[in-house]
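One structure is given here, and the rest of the page talks about it.
In our numbering, the protein residues as written are 128 to 445.
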């Protein structure tokens with residue numbers, strides 16, 4: 128009997144130790160805390176394994192904690208005014224000549240449990256973007272009158288983006304994730320957590336796709352954690368939708384059934400995939416991320432050949 132009791136006790140301790148490995152982080156920010164995230168994104172495009180385009184962009188975002196309640200933080204997010212970004216290459220002094228409109232400020236309420244972020248000032252930010260647009264147009268009419276219409280064409284999508292709170296939150300999601308990702312999910316130390324989700328298709332906002340999220344957490348040192356995070360995308364529904372759309376378009380233009388069948392057969396050979404991998408280093412003592420690296424790859428084949436787009440992002444904090 129003593130041996131049986133000892134065995135049961137040993138089993139209990141083992142099970143308890145496994146249960147204790149689950150970790151849920153919570154922010155430990157204080158009012159006045161501030162971090163500047165420098166986000167460097169390197170995009171590369173290939174066609175048939177030949178480099179066709181390569182760009183690098185840098186964005187600085189300042190996160191500042193300005194208020195705390197029992198359940199939430201109010202976070203001020205300051206970044207370059209995206210309404211002016213498209214025309215900087217046309218007139219690089221625009222931010223200097225319109226200093227009032229140089230930076231965009233967004234206010235978020237971040238829940239302490241789960242890290243959900245709710246945009247508080249989208250109406251004010253919309254008014255600011257529209258005013259930026261008007262002032263930029265006036266300035267360009269004086270400085271580059273021949274380019275005004277082209278500049279308006281570049282800025283219009285940004286203005287449209289601010290038509291709803293949901294659209295702004297969607298656009299800003301990646302940026303806000305560089306603040307709240309450690310709090311969005313419970314993890315298991317030294318093991319994989321798998322989460323299935325249905326999300327908006329990034330290639331068609333009216334469609335959804337199935338995604339699988341994989342999280343693997345390790346402890347690098349006292350209070351320092353490393354999170355490997357990957358997303359797998361099920362593109363089969365999107366490809367099927369594209370095939371149906373191509374077929375319907377052919378019928379609407381009076382294309383013969385044999386031609387449609389031929390095109391559908393070509394589409395059957397199309398492959399289209401997307402992967403996303405990221406590595407997050409988090410300081411549980413301070414409650415802030417210290418670095419993030421991500422890599423998103425979109426690749427596939429169609430009748431015109433192979434295509435591959437790679438986007439790599441490195442985020443540092445100070």
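Ideal Cβ positions, reconstructed from N, Cα and C, are used throughout, including at glycine.
Please read all numbers here as calculations on a predicted model, not as lab measurements.
(message) Would residue 222 and residue 211 be called neighbours here (beta carbons separated by less than 8 angstroms)?
(response) Translated into the one-based positions of the chain shown, residue 222 becomes position 95. Translated into the one-based positions of the chain shown, residue 211 becomes position 84. Yes, Cβ-Cβ distance for residue 222 and residue 211 is below 8 angstroms.
(request) Measure the alpha-carbon distance for residue 184 versus residue 167 and round it to whole angstroms. (result) Position 57 of the chain shown, counting from 1, holds the residue named residue 184. Position 40 of the chain shown, counting from 1, holds the residue named residue 167. C-alpha of residue 184 to C-alpha of residue 167: approximately 6 angstroms in a straight line.
(message) Give the list of continuous beta strand (DSSP E) stretches no shorter than 3 residues that lie fully inside the region 240-307.
(response) Complete beta strand (DSSP E) runs here, min 3: 244-246.
(message) Starting from residue 224, trace the alpha helix (DSSP H) in both directions and tell me its first and last residue.
(response) Translated into the one-based positions of the chain shown, residue 224 becomes position 97. 221-224 is the span of the alpha helix (DSSP H), which, as asked, contains residue 224.
(request) Give every residue of the same chain whose Cβ lies closer than 7 angstroms to the Cβ of residue 253, excluding the five residues on either side of it in the sequence, and list them in chain order. (result) Stepping through the chain shown from its first residue, residue 253 is reached at position 126. So the qualifying residues of the chain are 289.
(request) Please state if the CB of residue 172 and the CB of residue 180 are separated by a distance shorter than 8 angstroms. (result) Here residue 180 corresponds to residue number 53 of the chain shown, with the count starting at 1. Here residue 172 corresponds to residue number 45 of the chain shown, with the count starting at 1. Cβ atoms of residue 180 and residue 172: closer than 8 angstroms.
(request) Let me know if residue 363 comes out buried or exposed under the rule of 16 or more other beta-carbons within 10 Å of its beta-carbon. (result) Walking along the chain shown from the start, residue 363 turns up at place 236. By the C-beta density criterion, residue 363 is exposed, having fewer than 16 other C-beta atoms within 10 angstroms.
(request) Assign residue 141 to buried or exposed, taking buried as 16 or more other Cβ atoms, counted over all protein chains shown, within 10 Å of its Cβ. (result) Residue numbering aside, residue 141 sits at position 14 when the chain shown is read from its first letter. Interpretation of residue 141 is limited by its pLDDT of 41, a score under 50 that renders its predicted location unreliable; no figure is taken from the coordinates.
(message) I believe residue 213 touches residue 299 by the beta-carbon criterion, under 8 angstroms. Please report the beta-carbon distance rounded to the nearest angstrom.
(response) Residue mapping note: residue 213 aligns to position 86 of the chain shown, counting from 1. Residue mapping note: residue 299 aligns to position 172 of the chain shown, counting from 1. For a cut-off of 8 angstroms, the C-beta gap from residue 213 to residue 299 is around 17 angstroms, too long to register as a contact.
(message) Quick check on DSSP: helix, strand or coil for residue 148?
(response) Mapped onto the chain shown, residue 148 falls at position 21. Note: residue 148 maps to coil in three-state DSSP.
(message) Taking only three categories from DSSP, how would you classify residue 212?
(response) Indexing the chain shown from 1 puts residue 212 at position 85. Helix, per DSSP.
(request) State buried or exposed for residue 440, treating a residue as buried only when at least 16 other CB atoms are found within 10 Å of its CB. (result) Within the chain shown, numbered from 1, the residue matching residue 440 stands at position 313. Buried, because 16 or more other Cβ atoms sit within 10 Å of the Cβ of residue 440.
(request) Please confirm if the region 335-348 is in contact with the region 315-325, defined as three or more CB-CB distances below 8 angstroms between the two stretches. (result) When C-beta atoms of the region 335-348 are compared with those of the region 315-325, three or more pairs fall below 8 angstroms, so the two segments count as touching.
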